[in-house]
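> Here it is: the structure, laid out below.
In the numbering used here, the protein residues as written are 1 to 51.
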């Protein structure tokens, strides 16, 4: 499910694209555990963009 990709400097666009995909999946999810997992991943991706 959740992949642990690492984005470095210059890869912010890819991290944002993945975050957008995660948001779309979270919106479709109806189980709180899945939504929580997606939100955690989104937070990780957005943190990577702020390097």
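Quick reminder that beta carbons are idealized off the backbone N, C-alpha and C, glycines included.
For the candidate residues 48, 40 and 50, whose alpha-carbon lies nearest to that of residue 22?
When only C-alpha atoms are compared, the closest one is 40.
> On the premise that residue 12 lies in contact with residue 49, defined as a C-beta separation below 8 Å, what is that separation, rounded to the nearest angstrom?
5 Å
> Are there 16 or more other CB atoms within 10 angstroms of the CB of residue 28, so buried, or fewer, so exposed?
By the neighbour-count rule (16 or more Cβ atoms within 10 Å), residue 28 is not buried but exposed.
> Could you give the distance in angstroms between the alpha-carbon of residue 8 and the alpha-carbon of residue 42?
16 Å
> State yes or no: is the C-beta of residue 15 within less than 8 Å of the C-beta of residue 45?
Taking 8 Å as the cut-off, the Cβ atoms of residue 15 and residue 45 count as close.
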